[in-house]
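The sequence shown begins at -11 in the numbering used here and counts up one residue at a time.
By construction, the Cβ of each residue, glycine as well, lies at the ideal position given by its N, Cα and C atoms.
Written out below as structure tokens is the structure these notes cover.
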Amino acid sequence: MSFPGSRFAPYSIVLLACLIAAGCAASANNNGFFGKTDPPRENILRYVSGSEPESIDPQIPTGQNEARICLALYEGLTEYDPRTSQPIPALAERWQANKDWSEVVFYLRHDGRFSNGEPITARDFGYTIRRGLTPEVGARYASLAYPIKYAQAFNEGGVFVFDPNSKAFLLEKDFEQPPQAAAGSQSSGSTTGSEPLSSQAIASVSDEYPANAPVAADSAFHHLMHAPVRVVLPGKEKDRVAALEANPRLKAAIAGKQFVPVTAGDVGVEAVDDYTLRVVLVKPAPYFISMMPHQFFRALHQKTIEKFGSAWTDAANIVTSGPFTLESWKHYDRLIVKRDPKYWDAASVKLDKIIFLMLADNITMLNLYKAGELEGTYNHTVPAA
């Protein structure tokens, strides 16, 4: 797998070109520059990424300036193909889907490492997805994970309905008109508007397996995920009352029942073992694979986040999973990432550093480029004379 192009293509064609140029041409010369300043002799890319990043926690920001940085610092199960933008293997060497695309199993490579040297496992991806869905985190791209069973219900604070007499949860199939409320009926399969994968991309997935024949070790959780879908109601009483008014039969059925909050443990993501991740979906969703390279799904280091809280992204604390790690961040000036020698494909990373400059003024960008002080910018707008 070659770097740098494949890591950045979907977000910035400019950065892709700069990375290829800087990564493949190690010798310095003056021919490509407008001004008199010599280009850097090291393998360093100086790039204007835009304004100050809101955050480099990949599950928080939504801007392209943050995305460019996050794609350098973190890696996911899959990456974007630089030519087709379809998903290709990254920390997952391969994946399989059952025939109806209600379940996907990812097989992780064994040499994936965080920047602190610890192995990247299926449990890290389970944590990452559940963390992004936790309401308190406030991830704005959490809806990308809504195809996963009970993901939307957990993210929106939904509740199950439990019958203490029968010791069972109410099931959607037992009601003709399941409530459609903020927490959402999981059988509705509400998802984002992402385009489906092309037939070519679906065909690129490893051999499909029968819907009832798991390709990874079976478990009690696996059986639970394939049990009939439970009724999910809004957690807030006001919203729940409105939802029940739309379904009189369900309203009558909840008398004497208990409301049980949907938890992170109910979300349909399971680390079968250290290097096998199983994801159970609300309904058949072939397009789900096309969303996996997104920064929301990129591997995070749980111990670091839990130890440092909101300060986990500071240069002194951060642990990353991608080809680069954070060297320094001088706010409102520049953020520097450096090549991570522990990255599983470090031999393919040609750049030693990327310097992301925090600029938004077109004239300043143009003057820096003329002076040979940067190789690329996110903005190709020519300033007015």
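Residue 211 versus 91, 357, 36, residue with shortest Cα-Cα distance:
91
Which runs of the beta strand (DSSP E) spanning at least 3 residues fall entirely within the region 87 to 162, listed in chain order?
91 to 96, 147 to 151
Can you name, in chain order, every residue of its own chain whose Cβ lies under 6 angstroms from the Cβ of residue 219, other than the five neighbours on each side?
149, 158, 160
CB-CB length for residue 127 against residue 57, believed under 8 angstroms
About 17 angstroms separates the two Cβ atoms, so there is no contact after all.
According to DSSP, what are the bridge partners of residue 316?
324
N-terminal and C-terminal residue of the beta strand (DSSP E) that residue 292 is part of:
No beta strand (DSSP E) contains residue 292, which is instead part of the alpha helix (DSSP H) from 290 to 296.
Check whether the Cβ atoms of residue 112 and residue 288 sit closer than 8 angstroms, and answer yes or no.
yes
Rounded to whole angstroms, what is the Cα-Cα separation between residue 285 and residue 100?
16 angstroms
If we count Cβ pairs, one from each stretch, closer than 8 angstroms, do we get three or more for the region 269 to 284 versus the region 224 to 231?
no
Integer Cβ distance of residue 61 from residue 312, believed to fall under 8 angstroms
6 angstroms
Bridge partner(s) assigned by DSSP for residue 346:
38
Between which two residues does the alpha helix (DSSP H) holding residue 52 run?
52 to 61
How is residue 402 classed by DSSP in three states: helix, strand or coil?
Past the boundaries of the shown model lies residue 402; the chain is included only from -11 to 373, so the question cannot be answered.
Identify every run of the alpha helix (DSSP H) within the region 211 to 245, keeping only runs that are complete inside it and at least 4 residues long; order them along the chain.
225 to 233, 236 to 241
Answer yes or no: do residue 39 and residue 345 have a C-beta to C-beta separation smaller than 8 angstroms?
no
Determine which residues share a DSSP beta bridge with residue 266 and list them.
93, 258
With DSSP as the reference, label residue 365 as helix, strand or coil.
strand
Cβ neighbours of residue 254 in the same chain (closer than 7 angstroms, five flanking residues each side left out)
138, 142
Check whether the region 343 to 361 and the region 315 to 326 are in contact - that is, three or more C-beta pairs closer than 8 angstroms.
yes
Sort 270, 355, 238, 276 by Cα distance to residue 83 and report the nearest one.
The candidate whose alpha carbon is nearest that of residue 83 is 276.
For residue 317, which residues from the same chain have a beta carbon less than 6 angstroms from its beta carbon, with the 5 sequence-adjacent residues on both sides left out?
303, 323
Taking 8 angstroms as the limit between beta carbons, can you name the residues of its chain near residue 196, skipping five residues before and five after?
Caution applies to residue 196, whose pLDDT of 48 falls short of 50 and renders its modelled position unreliable; the value that the coordinates give is listed next. Only 84, 85, 86, 87 meet the Cβ criterion.
Residue 303 in three-state terms, based on DSSP
Residue 303 carries a coil assignment under DSSP once its states are collapsed to helix, strand and coil.
Considering only their Cβ atoms, is the gap separating residue 147 from residue 264 smaller than 8 angstroms?
By the CB criterion at 8 angstroms, residue 264 and residue 147 fall outside the cutoff.
Taking 8 angstroms as the cut-off, decide whether the C-beta atoms of residue 79 and residue 97 are in contact.
yes
Restricting to Cα atoms, I'd like to know which of 305, 359, 338 is closest to residue 102.
305
Measuring alpha carbon to alpha carbon, tell me which residue in 320, 68, 260 is nearest residue 95.
Minimum Cα distance to residue 95 is reached at 260.
For the putative contact between residue 134 and residue 50, defined by C-beta atoms under 8 angstroms, what is the C-beta separation to the nearest angstrom?
Their Cβ separation, rounded to whole angstroms, is 16 angstroms, which puts residue 134 and residue 50 out of contact at 8 angstroms.
Per DSSP, what kind of secondary structure is residue 33 in: helix, strand or coil?
In the structure shown, residue 33 adopts extended strand secondary structure according to DSSP, grouped into three states.
Taking all protein chains shown into account, do 16 or more other C-beta atoms lie within 10 angstroms of the C-beta of residue 144, making it buried, or fewer, making it exposed?
buried
Nearest-angstrom Cα distance between residue 89 and residue 209?
So the two alpha carbons sit approximately 18 angstroms from each other.
Check each candidate in 81, 31, 136 and name the one with the smallest Cα separation from residue 333.
81
DSSP three-state label for residue 358, please.
helix
Beta-carbon proximity of residue 43 to residue 308, cut-off 8 angstroms
The answer is no: Cβ separation not under 8 angstroms.
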